[in-house]
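Following: one structure in structure tokens, then a few remarks.
Residue numbers (the working numbering), protein chains in the order written: chain D, 26 to 138; chain A, 251 to 364.
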């Protein structure tokens, strides 16, 4: 089965600094990878996805992610963090067998002023 | 464009009681998903619909859970009877097609079983 791992439960970064939220994947074949963000008491909001093509994917709210096949990683990045970026971030991979998304456990991002 | 709509947003019930959740997907989206999200975890698929057909319900606990998607639009997820361990957030998502397309999520229903 396709799976992802988010090795960090929490990431802390100062406002204005670059941020990285890590995700590694385990798939057979080509991965379809996604990042979602969840604010308190809200559903998941789509940020970006990698299907094929350019390894650097640009998404919503200034976020981007780099697909690295040799390291089986799909880290989420932003050049300059905002306090409003504080939320729970989920990496996901599409399951070939059923088309569902298999999510990681999530990483809590805290951006301090 | 309206997003995925879910109701109620919150529900508190006693154990052994029935409960139902409703989802209205984005207009034109043929694929509908119900996910379960436990506290501190990522969502996990319960059931997937293609139009009105449930094409993947392997993770749905069929002894107490049921779902329907009449006319291939709105969907209802039901639990009867509810157990303490069912306390979680129930998320509905929809996508235009089932393959590589993006899934868009509703705000979820937070269920508390006392």
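Where is the CB? At the ideal position from N, CA and C, for every residue including glycine. Only a predicted model underlies this, so the values are computations on that prediction, with no experimental measurement involved.
*Span of the beta strand (DSSP E) around residue 297(A)*: 294-300
_Residues, ordered as in the chain, of the region 272-298 of chain A that lie near chain D by beta-carbon distance below 9 angstroms_ = 281, 283, 285, 287, 290, 291, 292, 293, 294, 295, 298
*Might you give, ordered along the chain, the residues of its own chain that have their beta carbon closer than 7 angstroms to the beta carbon of residue 351(A), omitting 5 neighbours on each side?*
345
*Mind reading off the beta-carbon distance from residue 364(A) to residue 265(A)? Whole number of angstroms is fine, and I expect it under 8 angstroms.*
7 angstroms
*So, using beta-carbon positions, are residue 36(D) and residue 112(D) closer together than 8 angstroms?*
no
*What beta strand (DSSP E) runs, 3 residues minimum, are completely inside the region 46-101 of chain D?*
49-51, 58-63, 69-75, 81-83, 89-93
*Starting from the beta carbon of residue 88(D), find every residue of chain A whose beta carbon is closer than 8 angstroms, and list them in chain order.*
Going along chain A, no residue has its Cβ under 8 angstroms from residue 88(D), so there is no contact; the nearest lies around 15 angstroms.
_Using 8 angstroms as the threshold, is the C-beta distance between residue 127(D) and residue 27(D) below it?_
yes
*May I ask you to list, following chain order, the residues of the region 68-94 of chain D that have a beta carbon less than 7 angstroms from some beta carbon of chain A?*
68, 69, 71, 74, 76
*Return the CA-CA distance between residue 72(D) and residue 359(A), expressed in angstroms with no decimal places.*
22 angstroms
*Who are the neighbours of residue 352(A) on chain D, taking C-beta pairs under 8 angstroms?*
59, 71, 74
*Residue from 284(A), 318(A), 272(A), 327(A) whose Cα sits closest to the Cα of residue 150(D)*: Because chain D here runs from 26 to 138, residue 150(D) falls outside it and cannot be looked at.
*In chain D, which residues lie less than 8 angstroms from residue 356(A) when you measure between Cβ atoms?*
68
_Residue closest to residue 76(D), alpha-carbon to alpha-carbon, out of 68(D), 32(D), 69(D), 60(D)_ = 60(D)
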